[in-house]
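Asker:
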Amino acid sequence: MIPAQRRELLLRELRGTGVLSVRELCDILGVSHMTVRRDIMTLEGEGRVRSVPGGVELVSQVRAEPSYLDKSRVDIEEKRAMARIAAALVGDGQTLYLDAGTTLGHLVPLLWNVVGLTVITNDITTAASLSDHPDVTLFLVGGLIDRENRSSVGDIAAATVAEFNIDTAFVSTSSWDLNRGSTTPSREKVAVKRAAMAAASTSVLVAGADKYGAFGTFKVAALSRFSTIITDDRLAESAARAVHDLGVSLEVAVPRRPGEAEGAGEPGEDGEPGEDGPRASTLPA
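In full-length UniProt numbering, the protein residues as written are 1 to 285.
#1: Just list the beta strand (DSSP E) runs in the segment 115–195, keeping only unbroken ones of 3 residues or longer that don't cross its boundaries, in chain order.
#2: If you follow the alpha helix (DSSP H) that lysine 79 is in, where does it begin and where does it stop?
#3: Consult DSSP for glutamate 46 and reduce its assignment to one of helix, strand or coil.
#4: Does the segment 76–95 come close enough to the segment 42–56 to have 3 or more Cβ pairs within less than 8 Å?
#5: With a threshold of 8 Å, are at least 3 pairs of Cβ atoms found where one atom belongs to the segment 10–22 and the other to the segment 203–212?
#6: How do the segment 91–98 and the segment 109–120 stand: do at least 3 beta-carbon pairs fall below 8 Å, yes or no?
#7: Taking the beta strand (DSSP E) that glycine 55 belongs to, which residues open and close that run?
#8: Excluding the 5 residues flanking leucine 25 on each side, which residues of the same chain have their C-beta closer than 6 Å to its C-beta?
#9: Classify aspartate 245 as helix, strand or coil using the three-state DSSP reduction.
#10: Which term fits serine 32, buried or exposed, when burial requires 16 or more other beta carbons within 10 angstroms of its beta carbon?
#11: Mark aspartate 39 as exposed unless 16 or more other C-beta atoms lie within 10 angstroms of its C-beta, in which case mark it buried.
#12: Three Cβ pairs or more, each shorter than 8 Å: is that satisfied between the segment 171–189 and the segment 215–224?
#13: Counting along the chain, where does the beta strand (DSSP E) carrying lysine 71 start and finish?
#14: Which first and last residues belong to the alpha helix (DSSP H) in which aspartate 27 is found?
#15: If you follow the beta strand (DSSP E) that threonine 95 is in, where does it begin and where does it stop?
#16: Under three-state DSSP, which class holds residue 327?
#17: So what's isoleucine 2 in DSSP terms, helix, strand or just coil?
#18: Mapping DSSP to helix, strand and coil, what is threonine 202?
#19: Does the beta-carbon of glutamate 65 have 16 or more other beta-carbons within 10 angstroms, so that it is buried, or is it exposed?
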């Protein structure tokens, strides 16, 4: 059996069970532990499976996003770390698009000392947080309100975003992988994200590693459409290499772990990165 056939058999078995141990796969496929591990790494790089302790699980389709409140309670340190990397890409006088989502919400306090910003956002919470910023020209995009995610979506919102000339669009996602790109279960969100990318000189995808391998019904863009992808250090090495091979700059944010000194890599009192600055490993394009 050639490797491609073996990997298809592996996927077929996973579709029946959802998750299998490495030992079970060795027995099913009749190959060594090392061969199974190589197959898992290949499929994980393609975003078709995800490693779990002692085994592997099939990636799942995202049919609905969690509420804003639910998302705000999870992966806080990872989101802060990704926000620090995003902040390092922002300069004085720029025009930014901040997509809706709790990860980019952590970017807001890091913009406080940036001078002369123009910010366009469809996120109601982000707009409220920036409304007191003394030196930001702020545009809250109107449109159909997605109450669960506290954002405006749909064609009206997209048409508004398309009127701007944007330096950098920071785009969020609920699911992403190598083959399907950035996807969403919401058709109404697609038009807004695409409009921001079309209006921007640079598009940056900010995507937690836990969302890699999942997919939604509607495609936003191929990963190669982004100049930079910011994720966290839970991303499998095989997936990181696969993204790098697309020619995309991959920034892997390292969150502060329990037991580390307070302020390590965290923003200082002035909103600037702390003494350690943004912490990341970089795979340049």
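Every residue, glycine too, gets a C-beta built ideally from N, C-alpha and C.
Answerer: Looking at the coordinates:
#1: 117–121, 136–140, 144–146, 151–153, 166–172, 175–177, 181–184
#2: Counting from 1 along the sequence shown, the entry for residue 79 is found at position 79. Segment 76–87, the alpha helix (DSSP H) holding lysine 79.
#3: Walking along the sequence shown from the start, residue 46 turns up at place 46. Three-state result, glutamate 46: coil.
#4: no
#5: no
#6: yes
#7: The sequence position of residue 55 within the sequence shown is 55, counting from 1. Here the beta strand (DSSP E) through glycine 55 covers 55–58.
#8: Taking the sequence shown and counting its residues from 1, the one referred to as residue 25 is at position 25. Only Val36 meet the Cβ criterion.
#9: Along the sequence shown, read from residue 1 onward, the residue named residue 245 stands at position 245. Residue state, collapsed to three classes: coil.
#10: Counting from one through the sequence shown, the residue named residue 32 turns up at place 32. Serine 32 should be labelled exposed.
#11: The sequence position of residue 39 within the sequence shown is 39, counting from 1. Buried: at least 16 other Cβ atoms inside 10 Å.
#12: yes
#13: Taking the sequence shown and counting its residues from 1, the one referred to as residue 71 is at position 71. From DSSP, lysine 71 is part of no beta strand (DSSP E) but of the alpha helix (DSSP H) over 68–72.
#14: Here residue 27 refers to the residue found at position 27 when the sequence shown is read from its first residue. Taken as a continuous stretch (DSSP letters only), the alpha helix (DSSP H) holding aspartate 27 covers 22–29.
#15: As a first step, residue 95 is located in the sequence shown; it is residue number 95 there, counting from the start. Looking at the DSSP string, the run of the beta strand (DSSP E) that includes threonine 95 is 95–98.
#16: Limits of the chain in this structure are 1 at one end and 285 at the other, which puts residue 327 out of reach.
#17: Start at 1 with the first residue of the sequence shown, and residue 2 comes out as number 2. DSSP places isoleucine 2 in coil when its eight states are reduced to three.
#18: The residue you call residue 202 lines up with position 202 of the sequence shown. Of the three classes helix, strand and coil, the one that applies to threonine 202 here is strand, per DSSP.
#19: Looking up residue 65 in the sequence shown gives position 65. Buried, since its Cβ has 16 or more Cβ neighbours within 10 Å.
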